[in-house]
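Student:
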């Protein structure tokens, strides 16, 4: 039985509470919140440090505001407590590099909540990802955004994690601009073009100034594919499939718990987190320059 402590029980934290009830061989041992929470079959704590240091907790899930992720993740790594951190892992390249270096040094399990990577439709699409040439992606919604980060950092990690996972390399060049601007800091979309080796490209749109979408069009030498994360479908050469039998969040938690139980340490997520954060930071720099 894996005993989990959940740090943060806001809108998304409540989703974890629901999912953890359904995952076998897992017990939600404690929930750490600042204020009050509906009573449940778990202990309620008000100091996240005590949840991390508690010997009866085997692993931690962090669903707190993005600005707190670095400090909490660093404490988990230093305590060698396996952790699943909601995206973004941290808010700067320096912070993510520190976390990844510390995790590598201590062989401390660290997962990041790139939920789409665990969607069965996305996994099915990945099986046909041979001879990748081009990607067109869109992850958008209509506000509000998280109060402690911009649309860039709120929506961007999803689109970029999928794109970079499929290309499996860091782009040689990045171009970014604001589009569909309603408010330059709080409500806009980012249009980003990524240039990869062998003249391959990705055009991704993400932000909170358009209708809700979670889509990736993938063009390879042999296939034209479309992933729809909202519908849970993947279309390969006009043949549509809906392989989703579990929610992506459920599968993400299952993957984390399996790695905790197996004491598995995988650097793939760490490398991807560095790439995603580095692209976001460069996009942020370019968008700031365009405002001058």
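In this note's numbering, the protein residues as written are 170 to 461. Positions of the beta carbon are idealized from the N, C-alpha and C atoms, including for glycine. Here the structure is a predicted model, which means the values were calculated and not measured.
#1: How close, in whole Å, do the beta carbons of residue 361 and residue 378 come, if the pair is a contact with beta carbons under 8 Å?
#2: Could you say if the region 259-270 and the region 198-210 meet the contact criterion of at least three C-beta pairs nearer than 8 Å?
#3: Would you say residue 404 faces chain D, with C-beta separation under 8 Å as the test?
#4: Tell me the start and end of each unbroken alpha helix (DSSP H) in the region 322-359 that is at least 4 residues and wholly inside, in chain order.
#5: At 4 residues or longer, what runs of the alpha helix (DSSP H) sit wholly inside the region 211-252?
#6: Quick check on the burial criterion: 16 or more other C-beta atoms within 10 angstroms. Buried or exposed for residue 367?
#7: Please report how far the alpha carbon of residue 174 lies from the alpha carbon of residue 222, in whole angstroms.
#8: Given this structure, state the Cα-to-Cα distance separating residue 347 from residue 445, to the nearest angstrom.
#9: Return helix, strand or coil for residue 300, following the three-state DSSP convention.
#10: So which of 399, 323, 329 has the shortest CA-CA distance to residue 315?
#11: Does the Cβ-Cβ distance between residue 420 and residue 287 come in under 8 Å?
#12: Tell me residue 282's beta-bridge partners as DSSP assigns them.
#13: Taking one C-beta from the region 420-429 and one from the region 297-312 each time, how about it: are there three or more such pairs within less than 8 Å?
Tutor: Based on what the coordinates show:
#1: In fact, because the Cβ distance is near 14 Å, the residues do not count as touching under 8 Å.
#2: no
#3: Considering every chain present, this structure includes no chain D. It has just one protein chain.
#4: none
#5: 217-222, 238-247
#6: By the beta-carbon neighbour count (other beta carbons within 10 angstroms, threshold 16), residue 367 is exposed.
#7: When rounded, the distance between both Cα atoms is 11 Å.
#8: 18 Å
#9: Taken through DSSP and simplified to helix, strand or coil, residue 300 comes out as coil.
#10: 323
#11: In this structure, residue 420 sits near residue 287, with a CB-CB distance shorter than 8 Å.
#12: 255
#13: The region 420-429 makes no contact with the region 297-312; the number of CB pairs closer than 8 Å stays below 3.
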